[in-house]
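Peer 1:
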Amino acid sequence: MGKKRDLIQKINYEAIWHNSPELILYGELNKKSDVWMVGMNLLCGFIWYEDEDVNDKFFDHAKWYYGEGIDDSVKYNYGVPFPYTVPDGTDQQLKNFLDNSMQVNPRNRWSISKLLKHPFITNNND
Numbered sequence: 000m001g002k003k004r005d006l007i008q009k010i011n012y013e014a015i016w017h018n019s020p021e022l023i024l025y026g027e028l029n030k031k032s033d034v035w036m037v038g039m040n041l042l043c044g045f046i047w048y049e050d051e052d053v054n055d056k057f058f059d060h061a062k063w064y065y066g067e068g069i070d071d072s073v074k075y076n077y078g079v080p081f082p083y084t085v086p087d088g089t090d091q092q093l094k095n096f097l098d099n100s101m102q103v104n105p106r107n108r109w110s111i112s113k114l115l116k117h118p119f120i121t122n123n124n125d
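In numbering that gives the first Met the number 0, the protein residues as written are 0 to 125.
In structure tokens, the structure reads:
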């Protein structure tokens, strides 16, 4: 368990913006967390490594989940969609791929094998 805890701490401090909600808030690292990170990497185009206090930035950014009253006792609201925007003219298959890879509730997030069969992947093999 020590290695998993160390990995989670390393992930939380190096690339918190790409972490899945369940990893950030509950320390749950699983295959669905990886799916979330794939979606975030596609959305952002790169992996962020912040030099500043990422925890403060995360809680500022997370206000869309909870409003102003964020503290350690807050439970995650899996019913709130992840708010992201893409440029006008973005391919609809990519948008659908992102929607399915960045479902806030990991139970609704597609599996890796299902995403590999998505038209965004299968139709873009040039």
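Where is the CB? At the ideal position from N, CA and C, for every residue including glycine.
(1) Applying the 10 Å Cβ sphere with the 16-neighbour rule, what's the burial state of Arg106?
(2) Enumerate in chain order the residues of its own chain whose CB-to-CB distance from Arg108 is below 6 Å, with the five nearest sequence positions on each side excluded.
(3) Buried or exposed: where does Asn18 fall if 16 or more other Cβ atoms within 10 Å of its Cβ makes it buried?
(4) So, using beta-carbon positions, are Asn122 and Gln92 closer together than 8 Å?
(5) Tell me whether Leu22 is buried or exposed, calling it buried when 16 or more other Cβ atoms sit within 10 Å of its Cβ.
(6) Beta-carbon within less than 8 Å of Ile7's beta-carbon, same chain only, minus the 5 sequence neighbours each way: which residues are those?
(7) Are Asn99 and Leu115 touching if we call contact CB-CB under 8 Å?
Peer 2: Reading off the structure:
(1) So Arg106 counts as exposed.
(2) Lys31, Val34, Gln102
(3) buried
(4) yes
(5) buried
(6) Low per-residue confidence applies at Ile7: pLDDT is 49, beneath 50, and the placement is therefore not dependable enough to give any value.
(7) Contact: no.
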